[in-house]
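Enquirer:
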Amino acid sequence: MVIDCHYHLQSSFASTSKDGKERGRTWPQPASTGSGACSGGHIIEQQALGTDALLREMDRSGVNRTALMGSLIELFPEPPRPLLRILHAILESRRLRRLGQLLVANFTPQGGIKILGRPFQIVTDPDNGAVFDVVRRHPDRFLGWVFVNPRGRLDPLDELGKYRDEPGFIGVKAHPFWHRFAPVELLPVARELAELDKPLLIHCGFGQEGDYEVLLARVPELKLVLAHTGFPGYSDTWKTVLSLANVYLDLSQTSYVSEKATQESVARLGPDRLLFGTDGPYGFHDKEGRYDYGFIKRRIERLFPDKGARRRLLGENFAELVGLKPELGRRSSETA
Ligand SMILES: [Zn+2]
Numbered sequence: 061m062v063i064d065c066h067y068h069l070q071s072s073f074a075s076t077s078k079d080g081k082e083r084g085r086t087w088p089q090p091a092s093t094g095s096g097a098c099s100g101g102h103i104i105e106q107q108a109l110g111t112d113a114l115l116r117e118m119d120r121s122g123v124n125r126t127a128l129m130g131s132l133i134e135l136f137p138e139p140p141r142p143l144l145r146i147l148h149a150i151l152e153s154r155r156l157r158r159l160g161q162l163l164v165a166n167f168t169p170q171g172g173i174k175i176l177g178r179p180f181q182i183v184t185d186p187d188n189g190a191v192f193d194v195v196r197r198h199p200d201r202f203l204g205w206v207f208v209n210p211r212g213r214l215d216p217l218d219e220l221g222k223y224r225d226e227p228g229f230i231g232v233k234a235h236p237f238w239h240r241f242a243p244v245e246l247l248p249v250a251r252e253l254a255e256l257d258k259p260l261l262i263h264c265g266f267g268q269e270g271d272y273e274v275l276l277a278r279v280p281e282l283k284l285v286l287a288h289t290g291f292p293g294y295s296d297t298w299k300t301v302l303s304l305a306n307v308y309l310d311l312s313q314t315s316y317v318s319e320k321a322t323q324e325s326v327a328r329l330g331p332d333r334l335l336f337g338t339d340g341p342y343g344f345h346d347k348e349g350r351y352d353y354g355f356i357k358r359r360i361e362r363l364f365p366d367k368g369a370r371r372r373l374l375g376e377n378f379a380e381l382v383g384l385k386p387e388l389g390r391r392s393s394e395t396a
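Numbering (my numbering), first residue to last: 61 to 396.
1) If R211 and R240 are in contact, beta carbons under 8 Å, what's the gap, nearest whole angstrom?
2) The beta strand (DSSP E) with K233 in it runs from where to where?
3) Should T168 go down as buried or exposed, given a rule of 16 or more other Cβ atoms within 10 Å for buried?
4) For M448 and H263, I'd like the C-alpha separation in whole angstroms.
5) Is it right to say K258 is buried, meaning 16 or more other beta carbons lie within 10 angstroms of its own, or is it exposed?
6) Can you list, in chain order, the residues of its chain with a C-beta nearer than 6 Å to that of F65? Leave out the 5 residues immediately preceding and following it.
7) Mark V123 as exposed unless 16 or more other C-beta atoms lie within 10 angstroms of its C-beta, in which case mark it buried.
8) Check whether the region 205-221 and the region 166-181 are in contact - that is, three or more C-beta pairs closer than 8 Å.
9) Buried or exposed, going by whether 16 or more other CB atoms sit within 10 Å of the CB of Q313?
10) Under the rule that 16 or more other beta-carbon atoms within 10 Å means buried, what is L384, buried or exposed?
11) Distance, Cα to Cα, R350 vs V206?
12) Mapping the DSSP letters down to three states, classify S71 as helix, strand or coil.
13) At a threshold of 7 Å, does A287 count as lining ligand 1 (C-beta to nearest heavy atom)?
14) Please state the DSSP three-state secondary structure of T222.
15) Let me confirm a value: T86 is counted as buried when at least 16 other C-beta atoms fall within 10 Å, else exposed. Which label applies?
16) Does DSSP put W238 in a helix, in a strand, or in coil?
17) Touching or not, the region 146-156 and the region 316-331, by the rule of three or more beta carbon pairs under 8 Å?
18) In this structure, does DSSP put V62 in helix, strand or coil?
19) Are three or more beta carbon pairs between the region 214-226 and the region 172-190 nearer than 8 Å?
20) May I have the straight-line CA-CA distance separating E281 from K347, to the nearest angstrom?
21) DSSP state of D310, grouped into three classes?
22) Does ligand 1 have even one heavy atom less than 7 Å from the beta-carbon of H263?
23) Answer yes or no: do E138 and H345 have a C-beta to C-beta separation smaller than 8 Å?
24) Give me the Cα-Cα distance between G368 and G330, rounded to the nearest whole angstrom.
25) Can you tell me whether S153 is buried or exposed, with buried defined as 16 or more other CB within 10 angstroms of its CB?
Okay, here's the thing in structure tokens:
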């Protein structure tokens, strides 16, 4: 069974299109757009996938199930690939980490973030309702993360309580980096997750906003997934979590996760601790502006020819982590 553990459902965003007009976009309209610079340097319109289009892409790429979460931001332009290669080298270098931080942690005084010089608003309370609507409609294809923000308007424990008994519920996602908080602020949620035996997925930031160790010290049995191969610590993160068997990393994202980091993290931690995910619809788009859903799966297949390791990375680890029932796995893999 192949499972994409990290995909953002695009709910309503007001985005500015090429003609400069402000357009409200509401899920499940087939496409929300953001302008992006393709590798040729000209601006193209990026298309987010509606649910049906996403299902088609999953089928085309051989992905049985996708774990959905809400979105924090409208589609943003992906930096041109040569520039991304430089960004990866900077981010992954311990010596240049401070520069990497300056490049990717460019927050505006209004709580937004600048990407390639353009400010984007960050949603404080991502839409969990829209996620679980989709999960309920396609229970055999989608799973749902509950997105929480201890600095948001909604109480994280209330949000978890609302969805924890949904059949497709798999755990909680939080973004200490863009929502600007220390992971230990998730303590009440982490305690409940440990009791439920479900994972917490976090996108760490720099400094205190990346300090997952304080949280783990308080809830040592917590199943913790660090997004994007342990961004922003990379090799430091791998060293820290090596002895912590309940900590996993996902391989999602093309701006934060290079081929080298993919290879090295698996070499370091072994194929049982890493999880396939896309972070779609953010990431590489083709010349027509269509999200390249299969990119990271193809990367994993290319880098890890060993069938056993590949199976672990592409879905088995995650199925075990979230406690997916084996009969669901069997049924889905028959359709693959
Ligand atoms: Zn993400």
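The beta carbon of each residue, even a glycine, is placed where N, CA and C say it ideally should be.
Expert: Let me lay it out:
1) Right, the Cβ-Cβ distance comes to about 7 Å (below 8 Å), so this counts as a contact.
2) Counting along the chain, the beta strand (DSSP E) containing K233 begins and ends at 229-234.
3) Looking at its Cβ environment, which holds fewer than 16 other Cβ atoms inside 10 Å, T168 is exposed.
4) Residue coverage of the chain in this structure runs from 61 to 396, which leaves residue 448 outside it and unanswerable.
5) For K258, the number of other beta carbons within 10 angstroms of its own is at least 16, and it is reported as buried.
6) Note that residue 65 is Cys in the sequence shown, not Phe. Residues of the same chain with a CB within less than 6 Å of the CB of C65, apart from the 5 flanking positions on each side, are A127, D310, L335, G337, F378 in chain order.
7) Under this definition V123 is a buried residue.
8) Verdict: no, contact absent.
9) By the neighbour-count definition (other C-beta atoms within 10 Å, threshold 16), Q313 is a buried residue.
10) Buried, since its Cβ has 16 or more Cβ neighbours within 10 Å.
11) If you take the alpha carbons of R350 and V206, they lie about 27 Å apart.
12) If DSSP states are grouped into helix, strand and coil, S71 belongs with coil.
13) It does: the Cβ of A287 is within 7 Å (strictly closer) of some heavy atom of ligand 1.
14) First, the residue type needs correcting, since residue 222 is Lys and not Thr in the sequence shown. Secondary structure of K222 (DSSP, three-state): helix.
15) Low confidence applies to T86: its pLDDT is 31, below 50, so where it sits in the model is not reliable, and the reading given next is rough at best. Classification for T86: exposed.
16) Correct three-state label for W238: coil.
17) Taking a cut-off of 8 Å for Cβ pairs, the region 146-156 and the region 316-331 touch, as three or more such pairs fall below it.
18) Coil.
19) Result yes; three or more Cβ-Cβ pairs closer than 8 Å.
20) C-alpha separation (whole angstroms): 45 Å.
21) Assigned with DSSP and collapsed to three states, D310 falls in strand.
22) H263 Cβ: within cutoff of ligand 1.
23) Contact: yes.
24) About 12 Å.
25) Under this definition S153 is an exposed residue.
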